[in-house]
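Trainee:
Residue numbers (this note's numbering): 226 to 399.
In structure tokens, the structure reads:
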């Protein structure tokens, strides 16, 4: 299951890096009656294989969850904005160095996503099967543009640095 999720590119939107957590998730779904064991089998070359199927309750729950996730924006708390909140701890040179490294990583990931999306398009699969990667790509491209604009401002001096001492003084005046 983990291998297939990775082959299908779903590891870009679902964390399947830990096999044990995938098994725990399946077990929790089974205990909740949302999936059931359809069959188990064993090929002499491989360990026992269990095939699961979604139950009627599982279908209903998945539908409800999907409708809620699509319709309701959720406040996520990613690490990057938290780090940005502490930029004052860095010199302008450190800011640009760190953000330039981030931009390079994002550019590499964008190139890989573009390659994955192009390969998927060549298979003839309907666009809907990879729509989540289009979204990931759009968000990543927007982040890359933003990071590059901020580093440009820091380099140009139009995003003037404020020292922690200056900020403390300012906050004391409020």
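By construction, the Cβ of each residue, glycine as well, lies at the ideal position given by its N, Cα and C atoms.
Since the model is a prediction, treat every value here as computed from it, not as a measurement.
Of all the alpha helix (DSSP H) runs that stay within the bounds of the segment 256-333, which reach a length of 4 or more residues?
Mentor: With a minimum length of 4 residues, the continuous alpha helix (DSSP H) runs that stay inside the segment 256-333 are 281-296, 304-309.
Trainee: Are at least three pairs of beta-carbons, each pair with one atom in the segment 342-349 and one in the segment 363-383, less than 8 Å apart?
Mentor: No, they do not touch.
Trainee: Is residue 229 helix, strand or coil when you go by DSSP?
Mentor: Of the three classes helix, strand and coil, the one that applies to residue 229 here is helix, per DSSP.
Trainee: Quick one: residues in its chain with C-beta nearer than 8 Å to the C-beta of residue 296, no 5 flanking neighbours on either side, listed in chain order?
Mentor: So the list is empty, once near-sequence residues are dropped.
Trainee: Compare the C-alpha of residue 372 against each of 238, 263, 358, 330 and name the closest.
Mentor: Per the Cα distances, 330.
Trainee: Which value, in whole angstroms, describes the spacing of the CA atoms of residue 233 and residue 316?
Mentor: Spanning the two alpha carbons is a distance of roughly 42 Å.
Trainee: Alpha carbon to alpha carbon, how far is residue 271 from residue 257? Give it in angstroms, no decimals.
Mentor: Distance between the alpha carbons of residue 257 and residue 271 is about 28 Å.
Trainee: For the alpha helix (DSSP H) containing residue 376, name the first residue and the last one.
Mentor: Where residue 376 is concerned, the enclosing alpha helix (DSSP H) stretches over 356-381.
Trainee: What's the C-alpha gap between residue 304 and residue 312?
Mentor: Their Cα atoms are separated by approximately 13 Å.
Trainee: What is the rounded straight-line gap between the Cα of residue 369 and the Cα of residue 332?
Mentor: Taking the straight line from one Cα to the other gives about 7 Å.
Trainee: Please go through the same chain and pick out, in chain order, the residues whose beta-carbon is closer than 7 Å to the beta-carbon of residue 264, but skip the five residues on each side of it.
Mentor: 276, listed in sequence order.
Trainee: Near residue 376, which residues of its chain fall below 8 Å by C-beta distance, leaving aside the five closest residues on each side in sequence?
Mentor: Answer for residue 376: 320, 321, 324, 325, 328, listed in chain order.
Trainee: How many angstroms separate the CA atom of residue 249 from the CA atom of residue 255?
Mentor: Roughly 10 Å separates the two Cα atoms.
Trainee: With distances taken from CA atoms, which of 279, 361, 300 is nearest residue 337?
Mentor: Out of 279, 361, 300, 361 has the C-alpha closest to the C-alpha of residue 337.
Trainee: How is residue 384 classed by DSSP in three states: helix, strand or coil?
Mentor: Residue state, collapsed to three classes: coil.
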